[in-house]
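First the structure, in the form of structure tokens, and then the observations on it.
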Amino acid sequence: MVVFPFFFALLWERAPGWGFKDGVLHNSIWLERAAGVYHREGRSGKYQLTYAEAKAVCEYEGGHLATYQQLEAARKIGFHMCAAGWMAKGRVGYPIVKPGSNCGFGKTGIVDYGFRLNRSERWDAYCYNPNGKDCGGVFTDSKYIFKTPGYPNEYENDQICYWHIRVKYGQRVQIQFVDFDLEEDASCMSDYLEIYDSYDDVNGFVGRYCGDELPDPIVSTGNVMTLKFLSDASVTAGGFQIKYVALDPPKKSAGKNATTQSNTNYLAGKFGIM
Ligand SMILES: [Ca+2]
């Protein structure tokens with residue numbers, strides 16, 4: 001099941017790049033505002049939800065459709081999704097942090113499709129629920145433990161959760177696997193956890209994980225990280241508990257500069273097919 005073992009040495013000397021990735025400065029201005037906004041798509045894939053269905057998805061999980069202002073607050077702390085979704089009052093749009101030619105028309109901000117007259121149009125959904133941290137959201141705490149929805153019970157079919165981690169400027173994110181059990185298959189096509197060394201699920205792919213082997217700890221290169229959990233339509237398993245902690249930059253003590261401090265100063269990923 002290990003497709004390619006992968007070791008990516010990250011030297012502490014590259015510290016000046018911390019918090020600055022892909023031309024976007026991740027400063028700490030918005031860190032206090034953990035937004036509670038998350039993205040949802042229909043069980044059958046992208047752009048399948050009418051306005052009424054999108055609303056129901058959020059409400060089923062104890063929240064409601066995010067307002068434009070809530071989505072913008074989340075965007076400011078690094079929430080970036082290349083998928084248009086319903087917001088409150090029938091508005092549609094998506095949050096862009098990093099300008100790109102194939103998403104967001106090269107601009108940053110909320111790409112706003114406005115208030116839709118036809119609410120039978122099918123888009124994704126942006127929900128807001130600061131208390132519903134079970135399946136996804138934006139996290140700015142210095143440590144937190146993510147669990148698959150329903151843990152310690154088995155997770156359900158057809159789950160998609162995105163956890164966006166954003167710690168203080170200058171810090172890094174260390175991911176530690178406490179418990180891990182996802183449906184096993186050779187290339188993790190059924191159920192999987194994907195980890196990205198960036199604020200979205202496009203850039204910085206680190207690895208895709210399934211089965212019940214406990215992966216090694218992972219340390220980000222910057223102050224953001226994204227986890228995506230997906231389960232398909234059949235066969236579930238025990239799920240996972242994954243802890244993250246914010247690592248402070250190493251102090252430049254007098255004398256020699258230590259280049260490494262422990263065996264977690266690297267990104268180690270088990271790659272699936274990408
Ligand atoms: Ca499954």
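So the sequence shown is residues 1 to 274, counted in full-length UniProt numbering.
No residue lacks a Cβ here, since even glycine has one placed at the ideal position from N, Cα and C.
Predicted model, so just to flag it, every value in this text is computed and none were measured.
Looking at the strands, I want to know which residues DSSP matches up with residue i.
i	result
Met225	Ile165
Val37	Tyr128
His64	Tyr128
Leu230	Ile160, Tyr192
Pro95	Ile110
Leu49	Trp123
Cys103	Gly100
Tyr144	Tyr244
Gly42	Gly45
Phe79	According to DSSP, which records beta bridges pairwise, Phe79 is partnered with nothing at all.
Gly85	Gly93, Asp124
Val235	BP columns for Val235 are empty, so no partner.
Val202	Answer by DSSP bridge pairing: none, since Val202 is not bridged.
Val219	Gln174
Within the present structure, is the beta-carbon of residue i separated from the nearest heavy atom of ligand 1 by less than 8 Å?
i	result
Ser234	yes
Ser231	yes
Asn157	yes
Gly190	According to the sequence shown, residue 190 is Ser rather than Gly. At least one heavy atom of ligand 1 is nearer than 8 Å to the Cβ of Ser190, so yes.
Glu183	yes
Excluding the five sequence neighbours on either side, which residues of its own chain have a C-beta within less than 6 Å of the C-beta of residue i, listed in chain order?
i	result
Val202	none
Gln48	Gly42, Arg122
Gly93	Ile110, Val111, Asp112, Tyr113
Glu194	Arg208, Lys228
Val245	Lys143, Gln174
Gly104	Ile96, Val111
Lys243	Ile145, Gln176, Val178
Hey, could you find the ends of the beta strand (DSSP E) residue i is sitting in?
i	result
Val178	172-181
Ala246	239-247
Arg208	205-209
Val138	137-139
Sorted by chain position, which residues of the same chain lie with C-beta nearer than 8 Å to residue i's C-beta, five sequence neighbours on each side aside?
i	result
Ala52	Arg119
Tyr196	Val202, Asn203, Gly204, Phe205, Val206, Met225, Thr226, Leu227, Lys228
Gly90	Tyr51, Phe115, Arg116, Arg119
Thr236	Glu154, Tyr155, Glu156, Asn157, Glu183, Asp191
Tell me which residues share the same chain as residue i and place their Cβ nearer than 7 Å to its Cβ, disregarding the 5 neighbours each side in the sequence.
i	result
Val24	Note that Val24 has pLDDT 39, beneath the 50 cutoff, so the model's placement of it is unreliable and the number below is only indicative. Closer than 7 Å at Cβ, skipping near neighbours: Val97, Lys98.
Ala66	Val37, Met87, Ala88, Tyr126, Cys127, Tyr128
Lys46	Ala83, Asp124
Leu214	Phe177, Phe180
Pro217	Gln174, Ile175, Gln176, Thr264
Lys107	Ile96, Pro99
His80	Pro95, Ile96, Val97, Lys98, Tyr199, Asp200
Ala233	Asn157, Asp158
Taking one C-beta from the segment 209-216 and one from the segment 133-151 each time, how about it: are there three or more such pairs within less than 8 Å? no
Under 8 Å: do the segment 226-239 and the segment 146-160 share three or more Cβ pairs, one atom per stretch? yes
For the segment 56-65 against the segment 174-184, are there 3 or more C-beta pairs whose distance is under 8 Å? no
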